[in-house]
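*Asks:* Got a structure here, written out as C-alpha cells. Questions coming.
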Amino acid sequence: MTEAYTSVGKSFQRIDGVDKVTGSAKFATDLSFANMLHARLLRSPHAHAVVRHIDTSDAEKLNGVKAFATIFEVPKVIQYWFFLRNEKKKQQMFLCDNIVRFIGDPILAIAATDQEILENALALVKVEYEPLKAIHDPLDALKETGVTIHKQGNIAFKVKKEFGNINAGFETADVIVENTYHTSKQKHASIEPIGTCVADFQSNGRLTLYSSTQLPHWSQHYLAEIHGLSLNAVRVIKPYTGGAFGGRCGLIHGLEAMCSVLSRKTLRPVKMSFSRTEDFSATESRHPMTIRMKTGATKEGILVANEVDILSDTGAYGTHYIGVIADCLSTGVGLYKIPHYSFQGTVVYTNKSMSGALRGYGNPQMNFAQESQMDIIAQKINLDPMEFRLKNYRPAGEMDPVLNGMILSNGLEECLKKGAASSGWKEKRVRPPGHGPLKKGIGLSIMLHGTGAARALPDPGSATIMIHSDGTACLMTAAADEGQGSRTVLAQVASQILGIDFKDIRVSDTDTDITPLDCGTHGSRQAYCGGLAVRDAAVQAREKILVHAGNILKTKSNQLRIESGIIFDAFNLDNKISMKDLMQKIQIQDMGICAQIIGSASGIAPAMPGYYGAVFAEVEVNIRTGEVKVLRLTSAYDVGKAINPELVRGQIVGGGVMGIGFALTEGLLLDKGHIVNPGFSDYRLLRACDVPPVIPIIVESNEPTGPFGAKGIGEGAMVNVASAVANAIYHAVGVRLTDLCMTSEKILGELQKH
Amino acid sequence: MKTIRININGEWKKLKVNPQDRLIDTLRGQLGLTGTKEGCGEGECGACTINLNGKAVLACLILSVQTDESRILTIEGLQKGLELHPLQTAFLNESAVQCGFCTPGMIMAAHAFIRENPEPDMQMVKECLANNLCRCTGYEKPVKAVLAAACSMRETNHD
Ligand code: FES
Ligand code: FES
C-alpha cells in the first residue's frame, strides 16, 4: 500500500513559475549575442518545381549581407530518429536535391546584419524555376498521374496487419456498421511560433545550437550528421519553450540546418525566427486522414470484428509518418477486445506542407473514427454506450496483441463510472433534447494511449543527480520541459527518494554537454521514462549517502532512513545527522574523504504502458444555425499515479480545450497547395470567453512498472474529445458528423438532409 | 531617426527610434525587455500586451514614435525587488502558468483591467482575457488567477 509520501502526490508550485510570471524566462526568441547575424528564408511560391538556378549576385552586393545557404547544399531531414539506428538507414534520413515540394518550401537562407537588409536582399534574389505538376489530393497520389513527388514514388509507407480472421469474424456479427471518416490538418498553434534558433559555429570548429526543441539529443545527432562533426563538437541547449505539442519533435524544416550552415560560413552567431505565417504555412501539422471502418458486433453487444483502412497524407516530406500510422494501429487494437481485427494503412506524399507529430500522434484521428463506430453500434443494438464500452474494453490482465505485453494497469472502468457520476450521464442520456431550436445532448468516448515508445523506438531516459555540500541537490536531465511541467515532476521524484526538500532541488537546463542522452519529450513519456531514470539515479545517490552516514553514525546503513533532510537510525532515533552536516563533513571538512555524491542512471523503460481515459461531452446544438456549443466536458483519466495532481489537471483541462478546437473550429484550409488561413484571425483557436467548464478527474491505477505507479497523460487529454463531441451532437439532434472539424455549415448541411 | 522620451517602468528615458519601428521591437531590442512576447505580430494573440498610460495595448500594433511622452509599464516593471505583484502571485498560486509564453501578456491585460474594474466577476474576466490566446491552460486557471488577484488587491489596497 502507498506510504505517506512527502513529495510525490503533492501539488507543488512549478519550479519555473517565478521566471515565467516575471518575464525573466528566456525563450529562444529572446536570445541575442554579440556580433549576431539575422537570417531568413526565401520560400517557394510553387507547390512543385525544379529549382534550375539561383542568382544571388545582386543580393551579394548589399552592404551587410554576409552569407547564403541553398537547398543545393543543405540537407533536409525526412525521417525521424528511428533511422539513426544504422548507417544504411541513416543515409535515408537526409535529402539534398533541387526540388521544392510545397508552397513555402525553403530555397535559400540569407544571413545579414539586420532585418531590413535581409528583406532587401531577399527581394533581389532571382530564382529560375521549372514548375512541375502537383498533387493536392491524397487520392491522386495513389493513381498513375505521371507526377512523382519523391524518387521512390508517392506512397511513403504501407502497413497491413491482421489479427484473427476478419471474414470469419464478420460472419458471426449480427450488426455491421461501415463508414468513412475524414480528419483535418490541425496545427499546433503554440503561442511561441515554431521555428526559432540561434546557431553559433565557433572558430574552434564546434557548433552550439540554442533551439526550443523537444528532442535536444536527437537534434544534436542530426546536426552532427549534417555537418560531419563528432557528437562532442555539437552542443544543443534548449531554452524555455513556448509550447510544443509535437511541433518541435525533431529539427524544424529549414531552420536549424540552414541556420547552422550560415553560422559555419560566417563563424558568427546566426539567429533565425519564423513568423506566425511561416509557422502556420510551412511547419508540420497533424496528418489529415481518410479512415474507412467496418465494425461488427453480436446482438448481445460483443464486438467481433473491425476492419480499418486508412489513407494518411504526410504532405511534401515524411518525418513522423510511420510512427503516426503505427499509433493508429496500436491504439485502435489495444483499446478493445476484438478477436478479428484487420488494419491497413497507406501513407502518401502530396504537395502540401508536411504533416508530423501533434499531440496524440495518430490517435485523435483513429479515435474519432473508432469511437464514432462504437456509438453507432451501441445505438443499433440498443445498449447504453457506457455499458457497451464496459463489456468490450481490454482490461488489465489481458495481452495487448500489438505491443505484445500484458496490460498491468487499466483504470478505465473507474474513469467511466466517475465520469458518468460527475457529468450526470444517466439522467442526461434520457432527458429530452428540449423544445425550440436549442437541443441538448451528451456523448462519451474512451481512449488508450501509450506512455513513451519503449517497444517501438530507441527511447532512452537518463538522469544525474549531485548533492551539494550544504545538502541541497542539482538534478541534470534532458527532460525538455515545453511547459507541461516535467522538470517539476522529476524534482519531486528525486526529492521523495533522497529525503531532500523539494525546494532544495534545482533542475538544470537541458544542455547536451551536461545532460546525458535522453529521448526528450514525446509520447507523454517524461513522468514515466524520465521518472524511472531519476528514481534510479536518486536511489544510487541515496545508497552512497547512507554508506557514509553509516560510517559516521556507526550503524548499518540499511537501517538508516532519511526524512526532511535528516538521516537517522530507525532503531535509535537519537542517532542522527542532518544531510547538510553529513555532506559538509564528507565533502569538505574531512580531507581524508572529500567524497562527491553523484547518482546516475540511464536505460530503456521496461514497458510502454497504456494510460486510459473517458470523456463525457455535453453539447447544445442550434438546429437553425448548426452552431454547436460545448456546455461541459468531464474528462477522467487513469494516469497511474499523479506525481503532481495540479499539473495533471492542467494537462487534462488544456488538452480538453485543444480537443474541442480539433472537434469544432480548427484546421488548415488549402487551395491548390496554398494555405488560406495562416494566421489566428482565420485559424480559430478557442478563446477565454468560448471555453466551457472542463472537469478533470484523476484516476490512479498504480502502474507497477512506473515510478511510484505513474504513467502518462499529456497527449491523451485531447485524444477522445472530438469523438465525444460528435457522439453528443448525435444524441442531441440525431445527425452523425464524420468529417472534422464539425463546423456549423457541415452540421446544418446534415440537418437539412434529414 | 526621431528622439522620443518615455517613462519605462518608472524611469524616464530618451530613445532614438526609426519612424517605422514597432514598440515591441524597441522594448525587446533596444531596451532588452524581452518579457513582452511576440506570438503573431498581427494583433491577434495578445502576447505582446503592455500598459500604455494605464491602458492595455498591443505593442506589436503601435509605433514607438506614437509613445513619445508616455508612461509604459511592462511585465518587468511589476515586481518590486524580490516581491511579486499580487497578479504574479495569483498566477503561481492558481497554477495558471504552463509554458508561460502567454503569461506576461495575460498579466498585463489583467493589470490594466483590474485598475478599471476592481470588483470584476468571472464573465468580465473572461472577456478581458479573450484577447489573449493560450494554447496550454484552457484558460480556466488564468481566469481564476485574475479573480483571485483582484480580490487580494482590494484587500491590500494594492495597485
Ligand atoms: S504579437 Fe501582438 S497580438 Fe500577437
Ligand atoms: S501557458 Fe502556454 S500559451 Fe499560455
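Just so you know, the protein sequences line up as chains A and B, in that order. Numbering-wise (our numbering), the first sequence opens with residue 1 and increments by one. Numbering-wise (our numbering), the second sequence opens with residue 755 and increments by one. Even glycine gets a Cβ: it sits at the ideal position worked out from N, Cα and C. The structure displayed is predicted, hence computed values, not measured ones.
1) Between A:M1 and the rest of its own chain, which residues show a CB-CB distance below 7 Å, the 5 nearest in sequence each way excluded?
2) Would you mind reading off the limits of the alpha helix (DSSP H) that contains B:L838?
3) Using alpha carbons as the reference points, say which of B:L769, B:E848, B:H865, B:Q877 lies closest to B:Q784.
4) Which whole-angstrom value describes the C-beta separation of A:K672 and A:A47, a residue pair presumed to lie in contact below a C-beta threshold of 8 Å?
5) According to DSSP, is A:Y361 helix, strand or coil?
6) Could you check whether the Cβ of A:L118 sits closer than 7 Å to any heavy atom belonging to ligand 1?
7) Helix or strand or just coil, what does DSSP make of B:I861?
8) Is any heavy atom in ligand 2 found nearer than 7 Å to the beta carbon of B:V851?
9) Could you tell me whether the Cβ atoms of A:L668 and A:S355 are closer together than 8 Å?
10) Using a Cβ-Cβ cut-off of 8 Å (strictly less than) and excluding sequence neighbours within five positions of B:T843, which residues of its own chain qualify?
11) Give a yes or no on contact between the segment 163-176 of chain A and the segment 249-267 of chain A, applying the rule of three or more CB pairs nearer than 8 Å.
12) My output table needs one value for A:H482: the three-state DSSP class, helix, strand or coil.
13) Mind pulling the chain A residues with CB within less than 7 Å of B:G892?
14) Would the C-beta of B:A801 count as close to ligand 1, meaning under 7 Å from any of its heavy atoms?
15) So within the segment 586-610 of chain A, which uninterrupted beta strand (DSSP E) runs reach at least 3 residues, ignoring any that extend past its ends?
16) Count the other C-beta atoms from every protein chain shown that fall within 10 angstroms of the C-beta of A:T625, then say buried if there are 16 or more, exposed otherwise.
17) Rounded to a whole number of angstroms, what is the C-alpha to C-alpha distance between A:H522 and A:G592?
18) In three-state terms, what does DSSP make of A:C474?
19) Confirm, please, whether the CB-CB distance from B:C856 to B:L887 is below 8 Å.
20) I want to know whether the segment 302-315 of chain A touches the segment 335-353 of chain A - three or more CB-CB distances under 8 Å.
21) Go ahead and pull the three-state DSSP assignment for B:N761.
22) Relative to chain B, which residues along the segment 251-277 of chain A have a C-beta separation below 7 Å, given in chain order?
23) Which value, in whole angstroms, describes the spacing of the CA atoms of A:A134 and A:R429?
24) Give the residues of chain B in contact with A:F102, contact being defined as C-beta atoms less than 7 Å apart.
25) Examine chain B for any beta-carbon lying closer than 8 Å to the beta-carbon of A:A453, and answer yes or no.
26) In the DSSP assignment, find the alpha helix (DSSP H) that holds A:T172 and state where it starts and stops.
27) In chain A, which residues lie with their C-beta within 8 Å of the C-beta of B:R889?
28) Would you grab the beta carbon distance between A:L457 and A:W81 for me? Rounded to a whole angstrom, and I think it's under 8 Å.
29) Which of the three DSSP states is assigned to A:Y222 in this structure?
30) Rounded to the nearest angstrom, how far is the Cβ of A:D459 from that of A:C529, given a contact under 8 Å?
31) Going by CA-CA distance only, name the one from A:Q379, A:V8, A:F201, A:L41 that's closest to A:H731.
32) DSSP on A:Y528, reduced to helix/strand/coil?
33) Please report the straight-line C-alpha distance between A:A663 and A:Q186, rounded to a whole angstrom.
34) Could you give the distance in angstroms between the alpha-carbon of B:G797 and the alpha-carbon of B:H865?
35) Which two residues bound the contiguous beta strand (DSSP E) that contains A:S381?
36) Determine, using beta carbons only, whether B:T910 comes closer than 8 Å to chain A.
*Replies:* With the given structure in hand:
1) Note on A:M1: pLDDT 39, under 50, position unreliable in the model; no value is reported.
2) No alpha helix (DSSP H) holds B:L838; DSSP gives it neither H nor E.
3) The alpha carbon of B:Q784 has as its nearest neighbour, out of B:L769, B:E848, B:H865, B:Q877, the alpha carbon of B:L769.
4) 7 Å
5) Residue state for A:Y361 is assigned as coil, using DSSP reduced to three classes.
6) If you check the C-beta of A:L118 against ligand 1, you find no heavy atom less than 7 Å away.
7) Three-state DSSP puts B:I861 in a helix.
8) Yes, Cβ of B:V851 sits closer than 7 Å to a heavy atom of ligand 2.
9) It is not a contact, given that the beta carbons lie outside the stated cut-off.
10) A903, S906
11) no
12) In the sequence as presented, His is not what sits at residue 482 of chain A; that position holds Glu. Coil.
13) V653, G654, G656, V657, V691, V694
14) In terms of side-chain proximity, the C-beta atom of B:A801 is found nearer than 7 Å to a non-hydrogen atom of ligand 1.
15) 597-604
16) exposed
17) 45 Å
18) strand
19) For B:L887 and B:C856, yes; Cβs fall inside 8 Å.
20) yes
21) Three-state DSSP puts B:N761 in a strand.
22) S275, R276
23) For the pair A:A134 and A:R429, the Cα-to-Cα distance works out to about 48 Å.
24) Simply none; closest approach about 22 Å.
25) no
26) From DSSP, A:T172 is part of no alpha helix (DSSP H); its letter is neither H nor E.
27) H188, A189, S190, I191, G243, F245, G654, M658, L685
28) 7 Å
29) Helix at A:Y222.
30) With 8 Å as the limit, A:D459 and A:C529 qualify as a contact, their Cβ atoms being about 7 Å apart.
31) The shortest Cα separation from A:H731 among A:Q379, A:V8, A:F201, A:L41 belongs to A:Q379.
32) helix
33) 10 Å
34) 19 Å
35) Contrary to the premise, residue 381 of chain A reads as Ile rather than Ser in this sequence. For A:I381, no beta strand (DSSP E) segment is defined, and its DSSP state is neither H nor E.
36) no
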